[in-house]
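Per the numbering used here, the very first residue in the sequence shown carries number 1; after that it's consecutive.
Each residue gets a CB set at the ideal place from its N, CA and C atoms; glycine is no exception.
Keep in mind the model is a prediction, meaning the values are calculated, not measured.
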Amino acid sequence: MSTIPHFIDGQRTDGTSNRFGDVFNPATGEVASQVPLATAAEVHAAVQNAKAAFPGWAATPPAQRARILFRYQDLLMQNMDMLARVVSSEHGKTIDDAKGSITRGVEVVEFACGIPQLLKGEHNEGVAGGIDMFSIRQPLGVCAGITPFNFPAMVPMWMFPVALACGNSFILKPSERDPSCAMYLAEIAVEAGLPPGVLNVVHGDKEAVDALLRDPDVQAVSFVGSTPIAEYVYREGTAAGKRVQALGGAKNHLVVMPDADLKQTTDALIGSAYGSA
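See the structure below:
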């Protein structure tokens, strides 16, 4: 049975933990592969690797970072069929639905390509007698993303492309239930020219999450998932002095007006409720 590796320092890396999680093929219910559940020490090593990669990446001119992201966007589209098959095999989305979710993620990469314009600071002369005011925008350091099962490509791409464009390095901890897509996303980023260590992927469960939340070298954490876990991530992360954004319990609500097309409304409701079931 195959084992899905971590992705650290620009290469696939076998886990040293003796704990593994089963990854199921939702079409058959059978175990298709296993994923290593990283120890706190493994997570810390990945963070240290990202920390070492950060100064060089932060010093890279924003326009040069954007050129890498432009290549990344192109390679993601070239690899769309492969990524969709990976998402479908572990999550269960149809191929068309998987492609749609990947495309939504690629749109964020496209947005991140324009980050150089948004990174400009401000300068105001004469805000008071003999006083000028200016502001600059600087990267934080190592950031982390903890992502859910329902969108294994789109939600990670909500997070790391913008963080990378701003000059940060990034640790991605995807859902252990469909972890392969995250590894391929990182692998393609290196192919696009991203330096090793700037984007690392570690697999794991609560032990890995807690290690990221408590590691003093992780400056910011982004989370998407259930409300109870979002509250936990926010509480633990902020207690450790990190910037945290935590999205929990999103619902695809829909308001039906009296003149709505019932056939179209029914289709929208079914998609909202069961599109990622």
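Asked	Found
Inter-stretch contact (C-beta, 8 Å, three-pair minimum) for the segment 209-220 and the segment 109-129	no
Which listed residue (V106, N124 and V142) has its alpha carbon closest to that of K51	V142
Buried versus exposed call for Y274 [16 or more other C-beta atoms within 10 Å across all chains shown]	exposed
When P5, T238 and Q11 are compared against A246, the one with the closest alpha-carbon	T238
Collapsed DSSP secondary structure at K251 in the structure displayed	coil
Classification of A128 by the beta-carbon crowding that lies within 10 angstroms, buried from 16 upward	exposed
Start and end residues, alpha helix (DSSP H) containing T266	L262 to Y274
Test: T13 CB closer than 7 Å to a CB of chain C	No chain C appears in this structure, which consists of one protein chain only.
Closest by C-alpha distance to V23, when choosing among A98, E90 and V106	E90
Environment of T265 [buried if 16+ CB atoms lie within 10 Å]	exposed
Rounded separation between D215 and D259 - CA only	54 Å
Terminal residues of the alpha helix (DSSP H) in which F111 lies	I95 to A112
Secondary structure, alpha helix (DSSP H): runs of 4+ residues fully inside the segment 27-82	40-58 and 62-78
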